[in-house]
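Peer 1: Just so you know, we're using my numbering here: the sequence shown kicks off at 2 and counts up by one.
Glycine included, each C-beta is placed from N, C-alpha and C at the ideal position.
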Amino acid sequence: MNDVPSPDLDPGADLSPEDHPDWGFATRAIRAGHRRSPEGEHCEPIYTTSSFVFASAAEAAARFAGELPGNIYSRFTNPTVRAFEERLAALEGGEACVATASGMSAILATCMGLLRAGDHIVSSRSIFGSTNMLFDKYLARFGVDTTYVELDDLDAWAAAIRPGTRLLFLETPSNPLTEMTAIAPLAELAHARGCLLAVDNCFCTPALQRPLSLGADLVIHSATKYLDGQGRCVGGAVIGDARRVGEEVFGVLRTAGPSMSPFNAWLFLKGLETLELRMLAHSAAALELARWLQAHPRVARVHYPGLASHPRHQLVGAARQQRTGGGIVSFEVDGGREAAWRVVDGTRLCSITANLGDVKTTITHPASTTHGRLSPEARAAAGISEGLIRVAVGLEAVGDIQQDLARGLDGQG
Ligand SMILES: Cc1ncc(COP(=O)(O)O)c(C=O)c1O
Numbered sequence: 002m003n004d005v006p007s008p009d010l011d012p013g014a015d016l017s018p019e020d021h022p023d024w025g026f027a028t029r030a031i032r033a034g035h036r037r038s039p040e041g042e043h044c045e046p047i048y049t050t051s052s053f054v055f056a057s058a059a060e061a062a063a064r065f066a067g068e069l070p071g072n073i074y075s076r077f078t079n080p081t082v083r084a085f086e087e088r089l090a091a092l093e094g095g096e097a098c099v100a101t102a103s104g105m106s107a108i109l110a111t112c113m114g115l116l117r118a119g120d121h122i123v124s125s126r127s128i129f130g131s132t133n134m135l136f137d138k139y140l141a142r143f144g145v146d147t148t149y150v151e152l153d154d155l156d157a158w159a160a161a162i163r164p165g166t167r168l169l170f171l172e173t174p175s176n177p178l179t180e181m182t183a184i185a186p187l188a189e190l191a192h193a194r195g196c197l198l199a200v201d202n203c204f205c206t207p208a209l210q211r212p213l214s215l216g217a218d219l220v221i222h223s224a225t226k227y228l229d230g231q232g233r234c235v236g237g238a239v240i241g242d243a244r245r246v247g248e249e250v251f252g253v254l255r256t257a258g259p260s261m262s263p264f265n266a267w268l269f270l271k272g273l274e275t276l277e278l279r280m281l282a283h284s285a286a287a288l289e290l291a292r293w294l295q296a297h298p299r300v301a302r303v304h305y306p307g308l309a310s311h312p313r314h315q316l317v318g319a320a321r322q323q324r325t326g327g328g329i330v331s332f333e334v335d336g337g338r339e340a341a342w343r344v345v346d347g348t349r350l351c352s353i354t355a356n357l358g359d360v361k362t363t364i365t366h367p368a369s370t371t372h373g374r375l376s377p378e379a380r381a382a383a384g385i386s387e388g389l390i391r392v393a394v395g396l397e398a399v400g401d402i403q404q405d406l407a408r409g410l411d412g413q414g
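Below you can see the structure in the form of structure tokens.
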């Protein structure tokens, strides 16, 4: 066997983001977090190992005691997962990032790490259904109550805060109606009242919106969506300051264990490399599709932040809160569920699936899927009509997506 000599490289030299505060977004998305091993690999390696060995009993003891840095066990830290965490932290502009097994476990770990019995959450009503369930069914059992308010009603947020309120939680844009709110005034309110503001940034990703730079304390991701971008795996992340995220949320991961696998971290690292390009392309395609839908005689209403008709369109644009409109377009057809299902069933190209954030376009009827467990009254209150369809616009040719939707819209499905 050839004994291949390792190149004489300084592992990690020139690649750590803290040495390059001037790096642009695209550079950080491609380069940050990769500390080259002495093998000199060009692509980030996947460290598929459950544990790490120590040179001696004394070294093991020192690492366990936290006196020596270094890996111990992959539930705690793993170099591939670490690379993903450093890269995402560099993109969101946070001191620390903790990667998790799913988006939901990112929210769970955040709440477990930062809240205690008796604390109170104020959340936007327009949040992902499982987040809602986590707050109402599970956190409530442990003495953490949640009050829901309208996303874009600052007075309602202020009125809902009480002495035990610790966390304000929101998604902007929301799913599936793409409702939006200004993050900065909510951050000010949170801090004036001694609370933290957490933003689920899954629809925008840091390529379009960076909540920490607007005053939010915590950013949460379902990496399953755009961070991967190709529908390959489930994962999540929390980004924020070194104490809350790097110690408190990390402590939950280390102890309770909803950690990200190294293989998934590697897929997410690859996803991040093309994140900005994809988000701009998703947004351009979604805008074109939204305009086409708006002009279609069978479409009653289109919800898309990039359209001038969106109530918070002024938040969208270069140097504004959200750089572009994003990739999610929802629209309503007259004729209720029957008409909506005709559009969904008329598609041949779009995938009928609840996931989003993929290069492949996905289509969903929220009232009978993601929001199907709500009562009809609760659905109506949330604005989820029977005629509503959500399209997560992929990167196929827009004309082909239009043709696919036209089949059902034009009654040829
Ligand atoms: C906005 C939002 N947050 C969180 C989640 C949960 O993420 P995961 O499915 O990765 O647990 C989702 C999933 O669809 C989502 O859309």
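1. If we count the other Cβ atoms within 10 Å of its Cβ and call it buried at 16 or more, is Leu223 buried or exposed?
2. Per DSSP, what kind of secondary structure is Phe65 in: helix, strand or coil?
3. Contact between the region 96-112 and the region 250-262 is defined here as three or more beta-carbon pairs at a separation below 8 Å; is this criterion met?
4. Using the C-alpha atoms, what's the distance from Leu171 back to Ala58?
5. Counting only runs that start and end within the region 260-322, where is the alpha helix (DSSP H) found for 4 or more residues in a row?
6. Excluding sequence positions up to five away, which residues of its chain have a Cβ less than 7 Å from the Cβ of Gln380?
7. Between Asn133 and ligand 1, is there a pair consisting of the residue's CB and a ligand heavy atom that are separated by less than 7 Å?
8. Can you find the residues in the same chain that come closer than 6 Å, C-beta to C-beta, to Ala341, ignoring five residues on each side of it along the sequence?
9. Given this structure, state the Cα-to-Cα distance separating Gly337 from Val392, to the nearest angstrom.
10. Is Ser7 helix, strand or coil when you go by DSSP?
11. For Phe170, which of helix, strand or coil comes out of DSSP?
12. Distance, Cα to Cα, Asp229 vs Ala282?
13. Quick one, which of Val394, Ala118, Gly384 and Pro22 has its alpha-carbon nearest Tyr139's?
14. For His121, report the span of its beta strand (DSSP E) as first-last.
15. Return yes when the Cβ of Pro263 is within less than 8 Å of the Cβ of Ile31, no when it is not.
16. Using 10 angstroms around the beta-carbon of Asp23, count the other beta-carbons present and answer buried if the total reaches 16, otherwise exposed.
17. Under the three-state reduction of DSSP, which class applies to Glu180: helix, strand or coil?
18. What I want to know is whether the C-beta of Asp411 ends up closer than 7 Å to one or more non-hydrogen atoms of ligand 2.
19. Report yes or no: do three or more beta-carbon pairs, one from the region 191-202 and one from the region 165-182, lie closer than 8 Å?
20. Would you say the beta carbon of Asp418 is closer than 7 Å to some non-hydrogen atom of ligand 1?
21. Pop quiz: Ala100 and Phe85 are said to be a contact at Cβ under 8 Å. What is the actual Cβ separation, rounded to whole angstroms?
22. Short of 6 Å in beta carbon distance, which residues of its chain neighbour Gly272, apart from the five on each side in sequence? Order them along the chain.
23. Is Asp137 near ligand 1, in the sense that its beta carbon is under 7 Å from a heavy atom of that ligand?
24. In its own chain, which residues sit with a C-beta less than 6 Å from the C-beta of Glu189, not counting the 5 before and 5 after it?
25. Determine which residues share a DSSP beta bridge with Cys98 and list them.
26. Closest to Gln322 by C-alpha separation, out of Ala266, Leu268 and Leu187, would be which residue?
27. Return the chain-ordered list of same chain residues with a C-beta closer than 6 Å to the C-beta of Gly216, the five sequence neighbours on each side being excluded.
28. Please name the residue, chosen from Asn72, Asn133, Tyr74 and Cys98, that lies closest to Ala243 on a Cα-to-Cα basis.
29. Can you check whether the CB of Ser103 is closer than 8 Å to the CB of Val235?
30. Please state the DSSP three-state secondary structure of Pro151.
31. Among Ala157, Asp154, Leu169 and Phe129, which residue has its Cα nearest to the Cα of Thr147?
32. Looking at Cys426: is its Cβ nearer than 8 Å to the Cβ of Thr363?
33. Among Leu294, Gly347, Val82 and Arg167, which residue has its Cα nearest to the Cα of Leu116?
34. Taking the C-alpha atoms as reference points, what is the distance between Phe129 and Ser376?
35. Rounded to whole angstroms, what is the Cα-Cα separation between Pro259 and Met105?
36. Should Asn79 be counted as a contact of ligand 1 given a C-beta to heavy atom distance under 7 Å?
Peer 2: Walking through what the data contain:
1. Note that residue 223 corresponds to Ser in the displayed sequence, not to Leu. Burial call: buried.
2. helix
3. yes
4. 47 Å
5. 263-274 and 276-295
6. First, the residue type needs correcting, since residue 380 is Arg and not Gln in the sequence shown. So the qualifying residues of the chain are Ala368 and His372.
7. no
8. Val334, His366, Gly388 and Ile390
9. 17 Å
10. Summary for Ser7: the model assigns pLDDT 48, below 50, so the residue's position carries little reliability; its value from the coordinates is reported in the next sentence. Ser7: coil per DSSP, three-state reduction.
11. strand
12. 15 Å
13. Ala118
14. His121 to Ser125
15. no
16. exposed
17. coil
18. What this structure holds is ligand 1, not ligand 2.
19. yes
20. This structure does not reach residue 418, given that the chain is present from 2 up to 414, and the question cannot be answered.
21. 6 Å
22. Leu228, Asp229 and Gly230
23. no
24. none
25. Ile240
26. Leu187
27. Ala185 and Ala188
28. Cys98
29. yes
30. Strictly speaking, residue 151 in this sequence is Glu, with Pro absent from that position. Three-state result, Glu151: coil.
31. Leu169
32. Past the boundaries of the shown model lies residue 426; the chain is included only from 2 to 414, so the question cannot be answered.
33. Arg167
34. 16 Å
35. 10 Å
36. no
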